[in-house]
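Asker: Residue numbers (the numbering used here), protein chains in the order written: chain A, 1 to 180; chain B, 1001 to 1167.
One structure coming up, written as C-alpha cells, with questions to follow.
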C-alpha cells in the first residue's frame, strides 16, 4: 500500500519574506537616525536661557548724543561752508544733551553730575573727509542712527521719558530732511 | 515779498496705521487721541486755506494736506475701534490771525504743525500701550518733518526745533 505522507520541508529556516521585512525595518531605522544596536546615550535636554535684564537706555542715548554733537562741531570746524546748515542742528543736539542729562538727574543725580562734567569737545574724533557731500552724508547717517535709538527707547520708557524720547526722535527726523 | 523756491521733493507722509488697537481705550489715551484728531481736522481745513495763498509751494502743501487727511482717518478709526467717540470736523475754524498773503499763510502752517506736534506728543505721554505710542510718534515725527519742509521752502533759518511738540 502506498503511503501518502506529505513531502518533507526542505526550505531555509527563515522565510525570504521574513528576512526582507527585517532588513527593510533595519534600513528604515538607520535612515531615521536610530541605531537599534547602539548603546543608550545621554538624553539631550533643551534649556531656555533667561533673557538679559532690560537695561536703562539713558546712558547709551546720552553717549550717542554727545558723540554726534562732537562730530557736528568738528564737521563745522573742518568745512566752514557747512556752518549755516549744520550749526542749527548742532544747537539742537546740544539742547538734547542738556535735556537728557536733566532728565537723568531726576532719578540719578550723581550720574547726571558725572555726565555734566564730561567734555563736549574732542578734536580727535574724526569726521568724514573728501568734501562737503561726504560730511553731510556722514551727519545724515548719524541722525538716522540716533533717530532709531530714540524710537526704540520710546516703547519701554516711562510716560514722561517716552514723550521726551519721541520728541527728540521727531527732531532727528527733521534733521534728516535738512541734510537730504 | 518774493516767492520762495518750492522744495524739490515734498516730504512723503508716513502711512498711518491702525494695526493692533487696544480693545478698550483708557480714558486718558482716548482724550489725548481726541485732541490729536481735532488738531488733524484743523490742519486739513487750514491747508485748504493755505493753498489759496501760498501757490509757490502748491505741491508740498498738497502732499502735507494729504498726510494730515490720512492721519485724521486713521485716528478716527483708532478711537472708534477703542470704543471712544470720534467727533466729525467742524465746517470752519477761527483763525488766530487772518490769512491774507503768503507770509500769513506760512505763519498759519507753523501754528498748525506745532499744534499737531503738541497733540501727538501728548498721546505718547498718555499711554503705556506700544501701538498707541507708535501712532503718536508717527504723528509727531510727520508734523516735525512737515514744519521743517515748509521752513526750508521759505528759506527760514533755523528750520528745525529741538523738541517738537513741547509746550
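Note that the Cβ used here is the ideal one computed from N, Cα and C, for glycine as well.
If you're wondering where the values come from, they're calculated on a predicted model, not measured in any experiment.
In its own chain, which residues sit with a C-beta less than 8 Å from the C-beta of residue 138 of chain A, not counting the 5 before and 5 after it?
Answerer: As a working note, residue 138 of chain A is residue 138 in the first chain. Around residue 138 of chain A: 71, 75, 127, 128.
Asker: Please look up how many angstroms separate the CB atoms of residue 113 of chain A and residue 1140 of chain B, rounded, as I've assumed it's under 8 Å.
Answerer: As a working note, residue 113 of chain A is residue 113 in the first chain. As a working note, residue 1140 of chain B is residue 140 in the second chain. About 31 Å separates the two Cβ atoms, so there is no contact after all.
Asker: Does the Cβ of residue 1093 of chain B have 16 or more other Cβ atoms within 10 Å, making it buried, or fewer, making it exposed?
Answerer: Here residue 1093 of chain B refers to the residue found at position 93 of the second chain. By the 10 Å Cβ count, residue 1093 of chain B comes out exposed.
Asker: List, in order along the chain, the chain A residues whose C-beta lies closer than 7 Å to that of residue 1112 of chain B?
Answerer: Taking the first residue of the second chain as 1, we reach residue 1112 of chain B at position 112. Neighbours of residue 1112 of chain B on chain A: none; closest Cβ ~16 Å, over 7 Å.
Asker: With distances taken from CA atoms, which of A:94, A:100, A:73 is nearest residue 58 of chain A?
Answerer: Here the question's residue 58 of chain A lines up with position 58 in the first chain. Closest option to residue 58 of chain A, Cα to Cα, is A:100.
Asker: Spatial neighbours of residue 1116 of chain B within its chain, please: C-beta separation below 7 Å, excluding the five flanking residues on both sides.
Answerer: As a position in the second chain, residue 1116 of chain B is number 116, starting the count at 1. 1039, 1040, 1043, 1139, 1143, listed in sequence order.
Asker: From residue 1122 of chain B to residue 179 of chain A, what distance separates their C-alpha atoms?
Answerer: As a position in the second chain, residue 1122 of chain B is number 122, starting the count at 1. As a position in the first chain, residue 179 of chain A is number 179, starting the count at 1. Their backbone Cα atoms lie some 28 Å apart in a straight line.
Asker: Count the other CB atoms, across all protein chains shown, that sit within 10 Å of the CB of residue 20 of chain A; report buried if there are 16 or more and exposed otherwise.
Answerer: The count along the first chain starts at 1 and reaches residue 20 of chain A at position 20. Burial call: exposed.
Asker: Would you identify the three-state DSSP class for residue 116 of chain A, choosing helix, strand or coil?
Answerer: Here the question's residue 116 of chain A lines up with position 116 in the first chain. Three-state DSSP puts residue 116 of chain A in a helix.
Asker: For the region 1076 to 1084 of chain B against the region 1052 to 1068 of chain B, do three or more pairs of beta-carbon atoms, one drawn from each stretch, fall closer than 8 Å, so that the two count as touching?
Answerer: These segments do not touch.
Asker: If you draw a straight line from the alpha carbon of residue 1049 of chain B to that of residue 1151 of chain B, how long is it in whole angstroms?
Answerer: Translated into positions along the second chain, residue 1049 of chain B becomes position 49. Translated into positions along the second chain, residue 1151 of chain B becomes position 151. One C-alpha to the other measures close to 18 Å.
Asker: Can you give me the C-alpha to C-alpha distance between residue 1126 of chain B and residue 43 of chain A, rounded to a whole angstrom?
Answerer: Position 126 of the second chain, counted from the first residue, corresponds to residue 1126 of chain B. Position 43 of the first chain, counted from the first residue, corresponds to residue 43 of chain A. Between residue 1126 of chain B and residue 43 of chain A, the C-alpha separation is close to 51 Å.
Asker: Report the option in B:1129, B:1083, B:1109, B:1052 whose CA atom is closest to the CA atom of residue 158 of chain A.
Answerer: For the purposes of this step, residue 158 of chain A is taken as residue 158 along the first chain, with counting starting at 1. Residue 158 of chain A has its Cα closest to that of B:1129, out of B:1129, B:1083, B:1109, B:1052.
Asker: Quick one: give me the first and last residue of the alpha helix (DSSP H) that residue 59 of chain A is part of.
Answerer: Start at 1 with the first residue of the first chain, and residue 59 of chain A comes out as number 59. 58 to 78 is the span of the alpha helix (DSSP H), which, as asked, contains residue 59 of chain A.
Asker: When the Cα of residue 168 of chain A is compared with those of A:117, A:93, A:107, which residue comes out closest?
Answerer: Translated into the one-based positions of the first chain, residue 168 of chain A becomes position 168. Closest option to residue 168 of chain A, Cα to Cα, is A:93.
Asker: Whole angstroms is fine: what's the gap from residue 161 of chain A's alpha carbon to residue 1099 of chain B's?
Answerer: On the first chain, residue 161 of chain A is found 161 positions in, with the first residue counted as 1. On the second chain, residue 1099 of chain B is found 99 positions in, with the first residue counted as 1. Cα to Cα, residue 161 of chain A sits roughly 37 Å from residue 1099 of chain B.
Asker: Give a yes or no on whether the C-beta atoms belonging to residue 1147 of chain B and residue 1105 of chain B are separated by under 8 Å.
Answerer: Position 147 of the second chain holds residue 1147 of chain B. Position 105 of the second chain holds residue 1105 of chain B. Cβ atoms of residue 1147 of chain B and residue 1105 of chain B: not closer than 8 Å.
Asker: Using a C-beta to C-beta distance shorter than 8 Å, which residues of chain B count as neighbours of residue 64 of chain A?
Answerer: In the first chain, counting from the first residue as 1, residue 64 of chain A sits at position 64. What residue 64 of chain A touches in chain B: nothing, since even the nearest Cβ is about 16 Å away.
Asker: Identify, in the order they occur along the chain, each residue of the same chain with its Cβ nearer than 6 Å to the Cβ of residue 136 of chain A, setting aside the five sequence neighbours on each side.
Answerer: Taking the first chain and counting its residues from 1, one reaches residue 136 of chain A at position 136. So the qualifying residues of the chain are 179.
Asker: Cα-Cα, which of B:1031, B:1034, B:1070, B:1051 is closest to residue 1102 of chain B?
Answerer: Taking the second chain and counting its residues from 1, the one referred to as residue 1102 of chain B is at position 102. Here the closest residue by C-alpha is B:1051.
Asker: Mind listing which residues of the region 146 to 165 of chain A have their C-beta closer than 7 Å to chain B's C-betas, in chain order?
Answerer: Hits within the stretch, in order: 151, 154, 155, 159, 160, 162, 163.
Asker: With 16 other CB atoms within 10 Å as the buried threshold, where does residue 122 of chain A fall?
Answerer: In the first chain, residue 122 of chain A corresponds to position 122, counting from 1. Classification for residue 122 of chain A: exposed.
Asker: Please list the partners that residue 1160 of chain B has in chain A, where partner means a Cβ-to-Cβ separation under 8 Å.
Answerer: Taking the second chain and counting its residues from 1, the one referred to as residue 1160 of chain B is at position 160. Residues of chain A passing the Cβ test: 88, 89, 92, 171, 174, 175, 178.
Asker: For residue 1093 of chain B, which of helix, strand or coil comes out of DSSP?
Answerer: As a first step, residue 1093 of chain B is located in the second chain; it is residue number 93 there, counting from the start. Three-state result, residue 1093 of chain B: coil.
Asker: Do residue 154 of chain A and residue 1137 of chain B come within 8 Å of each other at the CB atom, strictly closer than that value?
Answerer: In the second chain, residue 1137 of chain B corresponds to position 137, counting from 1. In the first chain, residue 154 of chain A corresponds to position 154, counting from 1. Their beta carbons are under 8 Å apart, which means residue 1137 of chain B touches residue 154 of chain A by this criterion.
Asker: Drop a sphere of 10 angstroms on the beta-carbon of residue 51 of chain A, count the other beta-carbons inside from all chains shown, and report buried for 16 or more, exposed for fewer.
Answerer: Numbered from its first residue, the first chain carries residue 51 of chain A at position 51. By the neighbour-count rule (16 or more Cβ atoms within 10 Å), residue 51 of chain A is not buried but exposed.
Asker: How close, in whole Å, do the beta carbons of residue 1086 of chain B and residue 1037 of chain B come, if the pair is a contact with beta carbons under 8 Å?
Answerer: Taking the second chain and counting its residues from 1, one reaches residue 1086 of chain B at position 86. Taking the second chain and counting its residues from 1, one reaches residue 1037 of chain B at position 37. Correct: roughly 6 Å between the Cβ atoms.
Asker: Quick one: give me the first and last residue of the alpha helix (DSSP H) that residue 1075 of chain B is part of.
Answerer: Locating residue 1075 of chain B in the second chain gives position 75, counting from the first residue. Taken as a continuous stretch (DSSP letters only), the alpha helix (DSSP H) holding residue 1075 of chain B covers 1058 to 1081.
Asker: Can you tell me which of the three DSSP states residue 1124 of chain B falls into?
Answerer: Here residue 1124 of chain B is taken as the residue at index 124 of the second chain, counted from 1. Helix at residue 1124 of chain B.
Asker: To the nearest angstrom, how far is it from the Cα of residue 1108 of chain B to the Cα of residue 152 of chain A?
Answerer: Position 108 of the second chain, counting from 1, holds the residue named residue 1108 of chain B. Position 152 of the first chain, counting from 1, holds the residue named residue 152 of chain A. Spanning the two alpha carbons is a distance of roughly 32 Å.
Asker: Check whether the Cβ atoms of residue 1083 of chain B and residue 1132 of chain B lie closer than 8 Å to each other.
Answerer: Locating residue 1083 of chain B in the second chain gives position 83, counting from the first residue. Locating residue 1132 of chain B in the second chain gives position 132, counting from the first residue. No; because the gap between Cβ atoms is not below 8 Å, this pair is not in contact.
Asker: Please report the Cβ distance between residue 1060 of chain B and residue 1033 of chain B, rounded to the nearest whole angstrom; I am assuming they are in contact, meaning their Cβ atoms lie under 8 Å.
Answerer: Counting from 1 along the second chain, the entry for residue 1060 of chain B is found at position 60. Counting from 1 along the second chain, the entry for residue 1033 of chain B is found at position 33. Wrong, their Cβ atoms sit about 27 Å apart, outside the cutoff.
Asker: With DSSP run on the structure shown, which of helix, strand or coil describes residue 125 of chain A?
Answerer: Sequence index remark: in the first chain, residue 125 of chain A carries index 125 (1-based). It is coil, neither helix nor strand.
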